[in-house]
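**Student:** All residue numbers for the sequence shown refer to my numbering, where the first residue is 80 and numbers rise by one. We put the CB at the ideal spot given by N, CA and C, even for glycine.
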Amino acid sequence: MSKLNIINVPDPLLKTISTPVARVDSDIRQMLDDMLETMYAAPGIGLAAIQVAVAKRMIVIDTSAEEDEKSPLFLVNPEVVWESEEHSVYSEGCLSVPEYYADIERPASVRVKYLDYNNEMQETLVDGLTATCVQHEIDHLDGVVFIDYLSRLKRNMIVKKVQKAQKDSVVL
Numbered sequence: 080m081s082k083l084n085i086i087n088v089p090d091p092l093l094k095t096i097s098t099p100v101a102r103v104d105s106d107i108r109q110m111l112d113d114m115l116e117t118m119y120a121a122p123g124i125g126l127a128a129i130q131v132a133v134a135k136r137m138i139v140i141d142t143s144a145e146e147d148e149k150s151p152l153f154l155v156n157p158e159v160v161w162e163s164e165e166h167s168v169y170s171e172g173c174l175s176v177p178e179y180y181a182d183i184e185r186p187a188s189v190r191v192k193y194l195d196y197n198n199e200m201q202e203t204l205v206d207g208l209t210a211t212c213v214q215h216e217i218d219h220l221d222g223v224v225f226i227d228y229l230s231r232l233k234r235n236m237i238v239k240k241v242q243k244a245q246k247d248s249v250v251l
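This is the structure in C-alpha cells:
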C-alpha cells in the first residue's frame, strides 16, 4: 500500500464528474487499499478517488470510533436509491478543505447500492454519521464539495484561506 496525495480546493479536478468502474479487479482493489491508507493517515473518515486525482466512482469510509476496531467500507459506483424524509445536520469537514467545518443538512438515512471490494453488488441502509459521510463522498464523485452548499461569499473566503495556507506551507 502507499499513501497518495490529497488535492485541495480550488483544484479544478474536484469539479470533475467521476466515471463508473467497469469491474472491481486487483488494480481497483490496490487503489482502494491506497485510498484507505491515505484516509487513515490524514486522518479522516471518508475519501473519494477524485480527492487523490483519480476520476473513478470509488469511495472509502470508516466512521468507527478510534477506540473501536476499524470497520472500512469500500463503495464502488455508489448510488443512493432511497433517502429518508427526516434530515439531520452535521458539522462537516473535508480532507480537500483542510481545517474548515460547516453545518450541512442532509437526509438522516439513505439506502445505497454499490459494488463491494469483491465486485459483488450490495445494497445497505446507513444512518447517522455514516449516512452523512456516504452522501458527502458521493457528492465528490459528482463534482460537489461540501462548501458548495454555503453562500458564495463564505465559500470564496474559505477557498482563499486554504490557498493562503498552502502558500504559507511551501518551504523555499
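Pairs of beta-carbons, one from the segment 99-117 and one from the segment 220-240, closer than 8 angstroms: are there three or more?
**Tutor:** Segment contact: the segment 99-117 against the segment 220-240, fewer than three CB-CB distances shorter than 8 angstroms; contact not assigned.
**Student:** Considering only their Cβ atoms, is the gap separating V205 from S188 smaller than 8 angstroms?
**Tutor:** Along the sequence shown, one-based indexing puts residue 188 at 109. Along the sequence shown, one-based indexing puts residue 205 at 126. A contact, by the Cβ cut-off of 8 angstroms.
**Student:** In chain order, which beta strand (DSSP E) runs of at least 3 residues are fully inside the segment 86-134?
**Tutor:** 125-127
**Student:** Quick one: give me the first and last residue of the alpha helix (DSSP H) that L220 is part of.
**Tutor:** The residue you call residue 220 lines up with position 141 of the sequence shown. From DSSP, the alpha helix (DSSP H) with L220 extends over 207-220.
**Student:** On the three-state DSSP scale, how would you describe N235?
**Tutor:** Sequence index remark: in the sequence shown, residue 235 carries index 156 (1-based). Of the three classes helix, strand and coil, the one that applies to N235 here is helix, per DSSP.
**Student:** What does the Cβ neighbour count give for N197, buried or exposed, with the cut at 16 atoms within 10 Å?
**Tutor:** In the sequence shown, counting from the first residue as 1, residue 197 sits at position 118. Classification for N197: exposed.
**Student:** With distances taken from CA atoms, which of V88, A244, E145, D141 is nearest V131?
**Tutor:** For the purposes of this step, residue 131 is taken as the residue at position 52 of the sequence shown. Looking at the Cα atoms, V88 is the closest of the given residues.
**Student:** Are there 16 or more other CB atoms within 10 angstroms of the CB of N156, so buried, or fewer, so exposed?
**Tutor:** Here residue 156 corresponds to residue number 77 of the sequence shown, with the count starting at 1. So N156 ends up on the buried side.
**Student:** What residue from L83, K82, L92 has the CA that sits closest to V224's CA?
**Tutor:** Reading the sequence shown from its first residue, position 145 is the one you call residue 224. Looking at the Cα atoms, L92 is the closest of the given residues.
**Student:** With 16 other CB atoms within 10 Å as the buried threshold, where does M110 fall?
**Tutor:** As a working note, residue 110 is residue 31 in the sequence shown. It counts as buried.
**Student:** For M118, does the count of other Cβ atoms within 10 angstroms reach 16, so buried, or fall short, so exposed?
**Tutor:** For this step, residue 118 is matched to residue 39 along the sequence shown. Its Cβ being crowded by 16 or more others within 10 Å, M118 is buried.
**Student:** Which residue wins for smallest C-alpha separation from A210, given the options V176, A134, A181, G125?
**Tutor:** For the purposes of this step, residue 210 is taken as residue 131 along the sequence shown, with counting starting at 1. Of V176, A134, A181, G125, the residue nearest in Cα terms is G125.
**Student:** Helix, strand or coil: which one does DSSP assign to A144?
**Tutor:** Taking the first residue of the sequence shown as position 1, residue 144 is located at position 65. It is coil, neither helix nor strand.
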